[in-house]
Structures are given as C-alpha cells and as structure tokens.
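Comments concern the structure below.
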Amino acid sequence: MSSDSAPAAPDGEPGFSTWTGKARGWALRRLPADKLLPERQPSYVSSWIYIFGMAAVAAFVYILGSGAVLALNGPAWFHVSGLGRFINSTHLWSVELFFMFMVVHLWGKFWMAAWRGGRVMTWITGMLAFLVSIVTAFTGYLLQTNFDSQWIAFQAKDALNAVGIGAWFNVADLGQLLMWHITLLPLAVAVVVAVHVVLVRMHGVVPPLEAAASDAQLRSTAPNPATDGED
Amino acid sequence: MTKTPVSTSWRTRDDIASRPWGGTSREYDLFKELAVGLVVVGLLVLGLSALFSSPDEPSVTLKSWAQAQPADFVATATAELGGTSRTAGYGPPYNSTPDATQKLGPIDLQNLSGVRLPIDTANDFVIAPLQTLPTPPAAVKEWTTASDARHTEWTTAYGDALSKAPDNDPAKVAPGDYGPVPALTGALLGMAQQGALDPVLGAKGSFYNTDYKASILFLGDGSYFPALADAQHLTGDQWGMMNETGNYPGQSWLWLFSALYQVEPFKSAPNADVLVVFTMVILTLLLTLVPFIPGLRSLPRRIPVHRLIWRDYYKHR
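These protein sequence lines are chains A and B, in that order.
FYI, in the numbering used here the residues of the first sequence are 1 to 231.
FYI, in the numbering used here the residues of the second sequence are 1001 to 1317.
What follows is the structure, encoded as structure tokens:
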C-alpha cells in the first residue's frame, strides 16, 4: 500500500477524503456494479409483463433516431420527400408503440403495487416520464405542418389559455414549438427515464404482493421472517 | 395456514419488499433483453410504417378558403372588422374583452396571464394587410378616419345584409349604408384569392415569421375550417383531441381528456376548458401520488391482478 493511498474505513473499504471520492463512494454504495448490470434476477421476475418497460425504452431509441433525421431535415421535409414520409411514419409508429408499451408497463406496475418497500420514487419518476412524454408527443403533433397540426393548434389553445399559460406556450408558434420538441422535452424524457431505470436497479424489482418467508422460493435460501403488516 | 395481511404501503420496513431479495434467482441478461427488444420493436416499427405509412392531410390556406367559400370569407372578415368574431371577443391573451375569461370559482388564471399576444382583429386581420398592397383601396382611409360608432353601424348593417342575401353572396346583398365595409372585405377577398394574404397576415411586414396564430385564429373564426375538421372527426364533440386525420391512431393517450368533454357537467359548461384541465390535474396527481393514498393504494390487493402476473411464483410457493 502506498503512503498516499486513502485511509481504510471501519468496514474495511477505502475511505474517501475528496468530494469526488465521496461522490464515488456514495454512488457505489447505492448502486454497485452487480446491481447496475446484474446477471441474475429474482425467480419471480418471469412474466410477460416485465418486457414492456424494456420495450418502451427500445421504442424510445427509435423515436430519438427517427426524430433526429426529421429534425435535421426540417419539419416540412416529409411533405415533399418519399424518404421523409417513411421516416415520419417510423417516428409516428414508434411513438404509438412507445405509449402502448408504457401504458401496459404503468398499469402492470400499478397492479403489482410496485411502490412497496421504498420504491415510491421509482413509481413517481415513471409517472413523470409518462406525463412529460405526453407533452412531448403533443408538441410533435403541432409540428406536422399540415391540416392536423393547424386544427390541433386551433383547438388546444383554449385549454392552455384558460389556465393562463397559452401566452408563454403558444401552440401556433412553430419556432417555439420546434425548440420545445427537439431539445428540451426529449432531454427531459431521457433524463427522467434514466433516473427511473437507475432507481429500478437500485431498489430491485418489487417482490410478489403475497410473498412470505414460508415460500419455497425464500425458505431454502433466506430464513428471514417476514413481518408484513397493515395497509 | 393463517395468512398475514399483505401490505401495499410505500414505506421501507422490515419486510420482504424492503429487503434485498434473498430467495431463489434465475439467470438474466439485461443487454441481451435490450438487444432483442430493439430488434423486435424495430421490426414492428418498420413493418407498421411500410404497411400503413402516416397521414398528411395538406394544410388549409387563406387562399384555399377564399377560393372555396368566398361568402364565408367575406362574412368572417366583416365580423373581424366589427369586433364580433370569436377572436375579437376571446379575452386574454389576445385582447381584454370584459367577462370573456374562463374562471374556476374566484380563480381567473386566464385574466392573470394578461394580454400578452395582442390582436386587434379589425386592424391586424383586415386593415393592416390591405395597407401592404401597392395601391391600398381608398376604403382603408375612409375606415381609419371614421369613428368607432360608425364602424359598428357599418359592420352590423353589412353583416345582417350578408346573412339575408341569397347564399350569403356578397354580390347579392341588398343596397344599404355599409360605408367602406364591402370595399374592404371585397379587397381582402381578392388579396386572399391571389395568395397574397397568407404571407402577410402573420409576418406583419417582416421577412421571417414562425408564429401562425393570426392565420389560425382568422381561419377558426370562419365556418370553412371547422367544417373540414368536422368531416375529419376532429372536433371537440367528436373526441377530436385524440383523433387523427383519416383512419390513423392519434393521441389515444388523451382519451380521458377527450372523454370529459363528452359528458356533463363539462359538456355544456361555459368554462369547460378550465374545468377539464383542473379535473385532469387532480386525477393525474391522484395517480402519481397513489402510493401515499390509503384505500387507493390498496386496490392492487383488493383486485388481485397480481395473482395473474405472479402465478408461476404463487404456484410453486
């Protein structure tokens, strides 16, 4: 051990004296590598319902990819280009699939009461991802530069003006909406989804609602008594 | 065997849900799952796109409106001049029309936002565009030098005459004292039919423009644009918020937002928009904060869908 190495903490792990080291220690304690990128999962993680979260992430990848091509060519490109129309179609269908997967994932997690055991922020960030995605999709519909976007702008202004935000979020201003749709909102979705996924990895997948210490799956390996309680 | 009541609480406690899982496990490959997911979803996206493409109903222009329904265009322009159109009486953020805002009890958020996107329909939609013509019609000067009272007399008289004319045709209007209004609306119609009004209305003399609110509001004040939306099942009473042109899926995730507009008390409320938005905010908060709400958070226990989800686990317990 070199003379300038960090002093050992009481638990035997190296102590950190710098801000950077303390931040690393904090992150590693909460999310060690085997939790971040696990090779095993609890045996109860074996239902079709578990694929929808990952499917939503996969659809989001295609939304970002197709959206980037559309953004680089401008919002009116798909009216005049066959390739543009196809990319626009992939953007539309990946969004439709994204929402379908996300809604199934959300309701699956609701019926699992997946907020149990300190997972409340996982639930809230999931809901937040859903809500920010709705706003993002809405701005996308307003950017179509066709009849649909004209009519949505005409109709949607009433709800936004009625609650006093229509002046700042002007649904008829293509320049303003473009910025919201291709920069701020996708970034917000990506960040919220990333935080959500990290929280899932930190806390693990919620066990079955009626799991008990007497279950065969727990009996052989973990003799801890369960102390399930009230609502 | 005595069953202990299961908990749906969000709190971290000394229970199975709060502890790291210490039971049986199975092999799991996160990256493989992501890769398979990308392949399957990619194929779905490509397949759906190749099969169904995407909708692209061309936009409506002031030119196409003026050419298709000149009588509706002239009647709307007359209402804009007289300050009787929907936009003229809208209130904030476009103008300060009294008692036009949607309130929720004593809360008037629309009024609080103020007139931040000011629109004077007579000037912005009719007079100013006509003034951009190489030779503005003489009627413009007659209008701008007359009093507000005269404006109201002329536009009211002409609006009534248009509504009584056969097919609301401006050419068949009975003679009367309409001042410069027929000349102004006629000149604006000609300008729109030639396609000269579209670039002028929003840009207000500038080269660049990205804000289309003036054109959209003017279009919406007529009956041509809403009729086209109605034919595409896009209006509010047709669940239009979640619909798309043609037979394509739209924003179906807005189904509850759309549904509220179809039922009382929202349907016929003069402040329907603000009522619906506040209701949706409350419902969204309830769902987001469901882990903290006793009773609601117990629904997964009372309606045991989880037994279907974890049926393999429960079968082998």
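Beta carbons: idealized from backbone N, C-alpha and C, even for Gly.
Shown here, B:Gln1251 sits in coil according to DSSP, grouped into three states, outside any helix or strand.
Residue contact with chain A for B:Ile1216: present (Cβ-Cβ distance below 9 angstroms to some residue of chain A). At a cut-off of 9 angstroms between beta carbons, A:Leu31 makes no contact with chain B.
Assignment of B:Asn1095 by DSSP, reduced to helix, strand and coil, places it in the coil class. Neighbourhood of B:Glu1027 in chain A, by CB distance below 9 angstroms: Glu39, Arg40 and Gln41, in chain order. Close partners of A:His79 in chain B (Cβ separation under 7 angstroms): Asp1056. For B:Pro1129, the three-state secondary structure derived from DSSP is helix. Listed along chain B are Val1045, Leu1046 and Ser1049, each with a C-beta nearer than 8 angstroms to that of A:Thr90. If you look at A:Ser89, you'll find it in the alpha helix (DSSP H) that goes Gly82 to Trp111. Close to chain B, meaning a Cβ-Cβ distance shorter than 8 angstroms, are the following residues of the segment 114 to 128 of chain A: Trp115, Arg116, Gly117, Gly118, Arg119, Val120, Trp123, Ile124, Met127 and Leu128. In this structure, the alpha-carbon of B:Leu1048 lies about 15 angstroms from that of B:Leu1038.
In the three-state DSSP reduction, A:Ile124 falls in the helix class (H, G or I). Taking 8 angstroms as the cut-off between beta carbons, the residues of the segment 40 to 60 of chain A near chain B are Arg40, Gln41, Pro42, Ser43, Tyr44, Val45, Ser46, Ser47, Ile49, Ile51, Met54, Ala55, Val57, Ala58 and Ala59, in sequence order. Under the DSSP assignment, B:Arg1307 falls in the alpha helix (DSSP H) whose first and last residues are His1306 to Ile1309. DSSP places B:Pro1226 in the helix class (H, G or I) of the three-state scheme. For B:Arg1317, the secondary structure class from DSSP, reduced to helix, strand or coil, is coil. Proximity to B:Thr1061 across B:Ala1192, B:Glu1142 and B:Arg1026 peaks at B:Ala1192, based on C-alpha coordinates. The beta carbon of B:Pro1070 lies closer than 7 angstroms to those of Leu1189 in the same chain, with the five residues before and after it left out. Its chain contains Trp1154, Ala1157 and Tyr1158 as the residues whose beta carbon lies nearer than 6 angstroms to that of B:Tyr1178, once the 5 sequence neighbours on both sides are disregarded; these appear in chain order. B:Leu1296 sits in coil when the DSSP states are folded into three classes, being neither helix nor strand. In chain A, no part has a C-beta under 9 angstroms from the C-beta of B:Leu1260; the shortest such distance is about 11 angstroms. A distance below 9 angstroms separates the beta carbons of A:Val57 and B:Leu1034. Under the DSSP definition of a beta bridge, B:Ile1107 partners with B:Leu1104. Close to B:Arg1317, with beta-carbon spacing below 7 angstroms, are these residues of chain A in chain order: Asp215, Ala216 and Gln217. Rounded to whole angstroms, the separation of the alpha carbons of B:Ile1016 and B:Asp1230 is 55 angstroms. Ranking B:Ala1050, B:Arg1317 and B:Trp1310 by CA distance to the CA of A:Ala114 puts B:Trp1310 first. Within the segment 1019 to 1078 of chain B, complete beta strand (DSSP E) segments of at least 3 residues are found at 1025 to 1027, given in chain order. The three-state secondary structure of B:Asp1014, taken from DSSP, is coil.
With contacts defined as CB atoms closer than 9 angstroms, A:Gln150 and B:Leu1283 fail to qualify as a contacting pair. For B:Arg1150, the enclosing alpha helix (DSSP H) begins and ends at Asp1148 to Lys1164. Within its own chain, the residues whose Cβ lies closer than 6 angstroms to the Cβ of B:Phe1125, once the five positions on either side in sequence are excluded, are Glu1080 and Phe1218, listed in chain order. The beta carbon of B:Thr1245 is closer than 6 angstroms to those of Pro1055, Glu1057 and Gln1232 in its chain, skipping five residues each way along the sequence. The segment 18 to 26 of chain A makes no contact with the segment 64 to 84 of chain A: fewer than 3 CB pairs, one atom from each, lie closer than 8 angstroms. Not a single CB atom of chain B sits nearer than 9 angstroms to the CB of A:Leu83. In terms of beta-carbon proximity, B:Ser1268 stays away from the interface with chain A, with every pair separated by 9 angstroms or more.
For B:Pro1182, the enclosing alpha helix (DSSP H) begins and ends at Val1181 to Gln1193.
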